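Peer 1: Provided herewith is a single structure, encoded as structure tokens, for subsequent inquiry.
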Amino acid sequence: MKKAIAILIAAILAVSLLAACGASSFDSSGNSGGGSSGGGDIFRSESAQMEAPAPAPMPSSAPSADFMADGSGFDMDRNEYGSDERIVSTEASNAQTIETAIDMAEKIIYTAHADIETVDFDQTVEIVYDLIGLNGAFIESSYIGGRNYSQSYYGYQTFRSANFTLRVPKARFDAVTGNLEVLGNVTSLRTDAQNITSQFVDTESRLTSYRIQEERLLAMLEKADTVADMITIETSLSEVRYSIESLTSTLKNWQSQVDYSTLVLYIVEVERFTETTPIQQTYWQQVGAGLSSRIKGIGEFFTDLFKWLIVNMPVLIILAVIAVAVVLIIRRRIRKKRGSD
0 MKKAIAILIA AILAVSLLAA CGASSFDSSG NSGGGSSGGG DIFRSESAQM EAPAPAPMPS
60 SAPSADFMAD GSGFDMDRNE YGSDERIVST EASNAQTIET AIDMAEKIIY TAHADIETVD
120 FDQTVEIVYD LIGLNGAFIE SSYIGGRNYS QSYYGYQTFR SANFTLRVPK ARFDAVTGNL
180 EVLGNVTSLR TDAQNITSQF VDTESRLTSY RIQEERLLAM LEKADTVADM ITIETSLSEV
240 RYSIESLTST LKNWQSQVDY STLVLYIVEV ERFTETTPIQ QTYWQQVGAG LSSRIKGIGE
300 FFTDLFKWLI VNMPVLIILA VIAVAVVLII RRRIRKKRGS D
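When the sequence shown is numbered by numbering that gives the first Met the number 0, its final residue is 340 and no position is left out of the sequence of numbers.
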């Protein structure tokens with residue numbers, strides 16, 4: 000009895016040991032340890048399909064692990080997931096999209112006109128050149144003329160003036176126009192803005208259309224068989240190319256005006272700045288200001304007249320002598336005529 004029990008326990012232990020080994024082999028490799036039957040393989044295959052489904056195919060735009068590892072694309076004959084050329088093409092397309100978005104920004108042409116008074120003309124001109132250098136601007140045209148007001152010209156005071164047409168980068172335009180007080184007394188400032196976005200886009204579309212026509216005409220010219228056809232195509236091609244050049248020049252001119260705003264400065268030399276009158280004045284304040292201005296004007300008139308007389312005294316003396324001589328000659332002739340009568 001004891002032997003039978005011992006044999007039974009040993010058999011149970013052996014079966015348990017075999018079952019444990021089989022389970023361990025299945026978990027580690029997914030295959031039988033060599034002693035399993037074909038039915039066990041089928042079970043394991045079905046179980047693997049249920050627990051771990053096959054991965055979905057990778058999208059064509061995503062590079063694989065091998066691509067990321069060695070930095071090179073797959074051969075198109077071996078792999079369907081893309082190549083270096085496709086990725087480079089994608090990057091170029093993205094860059095072109097960004098550039099197009101930048102180019103499609105609003106096209107606005109800014110122009111400003113400023114009238115400025117200065118009591119130190121030379122220094123003001125120097126400051127203009129400093130502003131040009133500091134802000135990356137350039138002079139489109141300039142004119143400086145006149146004489147220093149401290150030097151009279153035939154008894155009259157003359158003043159110098161300057162006219163500058165500047166092209167200022169768009170990013171610095173507001174800073175420059177907002178700091179014109181460094182040049183002198185800004186008596187007036189006018190700023191205009193012209194939005195040409197629609198015209199710019201329309202012109203670009205027309206230019207693209209003409210370029211497509213040019214390509215088609217060139218293709219037709221290569222296939223032309225007769226001289227008459229060649230002449231007709233070349234005539235049309237010449238007209239299309241003229242339109243392309245004209246539209247290209249227009250776009251370049253517009254883009255230049257957008258990138259560099261125009262600032263026109265008219266600077267005049269004065270002895271003193273123009274006085275600004277308060278906006279709100281009472282009646283008697285206005286009367287007093289007007290009377291003071293008139294008295295001041297009369298004083299300036301006589302002052303200028305006295306200066307003119309002193310400066311032109313030699314000329315006046317010569318004219319007076321000539322006038323006296325002419326009068327004496329005329330009187331003598333008149334007396335002789337009366338005596339003869």
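The beta carbon of each residue, even a glycine, is placed where N, CA and C say it ideally should be. Since this is a predicted model, take the numbers as computed values, not measurements.
(1) Starting from the Cα of D201, find the closest Cα among L250, M219, N184, K222 and give me that residue.
(2) Report the partner residues of S140 according to the DSSP bridge assignment.
(3) What's the gap between the Cα of V167 and the Cα of R240?
(4) Helix, strand or coil: how does DSSP classify N252 here?
(5) Would you kindly report the start and end of the unbroken alpha helix (DSSP H) that includes R171?
(6) Helix, strand or coil for E214, going by three-state DSSP, please let me know.
(7) For the beta strand (DSSP E) that A192 lies in, which residues bound it at each end?
(8) Mind checking who S341 pairs with in its DSSP beta bridge?
(9) State the DSSP-derived secondary structure class of D114, mapped to helix, strand or coil.
(10) Got a sec? Which residues, its chain only, sit under 8 Å from I329 by beta carbon, not counting five neighbours each side?
(11) Beta-carbon within less than 8 Å of T186's beta-carbon, same chain only, minus the 5 sequence neighbours each way: which residues are those?
(12) Can you tell me the Cβ-Cβ gap for V257 and I131, rounded? I've got them flagged as a contact below 8 Å.
(13) Quick check on the DSSP output: the beta strand (DSSP E) that includes V325 runs from which residue to which?
(14) Quick check on the burial criterion: 16 or more other C-beta atoms within 10 angstroms. Buried or exposed for I369?
(15) Could you tell me the boundaries of the alpha helix (DSSP H) in which E125 lies?
(16) Among F300, Y142, F163, F120, whose alpha-carbon lies nearest the alpha-carbon of A111?
(17) Which residue comes first and which comes last in the beta strand (DSSP E) that contains L262?
(18) Rounded C-beta distance between A192 and L165? I'm assuming under 8 Å.
(19) Does the structure place the stretch 121-129 close enough to the stretch 170-188 that three or more beta carbon pairs sit under 8 Å?
(20) Using the rule of at least 16 other Cβ atoms within 10 Å of the residue's Cβ for burial, across every protein chain shown, is Y128 buried or exposed?
(21) Would you say E213 and L236 are within 8 Å of each other, going by their C-beta atoms?
(22) Buried or exposed: L315, going by 16 or more other Cβ atoms within 10 Å of its Cβ?
(23) Compare the Cα-Cα distances from I266 to each of E299, Y142, S339, R210 and report the closest residue.
(24) Can you tell me the Cβ-Cβ gap for Y209 and S242, rounded? I've got them flagged as a contact below 8 Å.
(25) Exposed or buried, which one is A104 when buried takes at least 16 other CB atoms within 10 Å?
(26) Given this structure, state the Cα-to-Cα distance separating R271 from R332, to the nearest angstrom.
(27) Distance check for L264 and F158, CA to CA, integer angstroms please.
(28) Under 8 Å, do Y109 and T196 count as touching if we go by C-beta distance?
(29) Closest by CA to D387, which one among M229, N134, F305, A288?
(30) Select from T176, A223, E244, L304 the residue whose C-alpha is nearest the C-alpha of T207.
(31) A319: buried (16+ other C-beta within 10 angstroms of its C-beta) or exposed?
(32) Could you name the residues that DSSP lists as bridge partners for I107?
Peer 2: With the given structure in hand:
(1) L250
(2) T164
(3) 33 Å
(4) helix
(5) Unbroken run through R171: none, as it is neither H nor E.
(6) helix
(7) 184-194
(8) Not covered by the structure: residue 341. The range shown for the chain is 0 to 340.
(9) strand
(10) none
(11) D114, I115, E116, T273
(12) Not a contact, Cβ separation roughly 20 Å.
(13) V325 -> not in any beta strand (DSSP E); alpha helix (DSSP H) instead, spanning 312-339.
(14) What the structure shows of the chain is the stretch from 0 to 340, and residue 369 is not part of that stretch, so it cannot be assessed.
(15) 120-133
(16) F163
(17) 259-268
(18) That belief does not hold up - the Cβ atoms of A192 and L165 are roughly 17 Å apart, past 8 Å.
(19) yes
(20) exposed
(21) yes
(22) exposed
(23) Y142
(24) 5 Å
(25) exposed
(26) 56 Å
(27) 17 Å
(28) no
(29) Residue 387 is absent from the model: the chain starts at 0 and stops at 340.
(30) E244
(31) exposed
(32) N194
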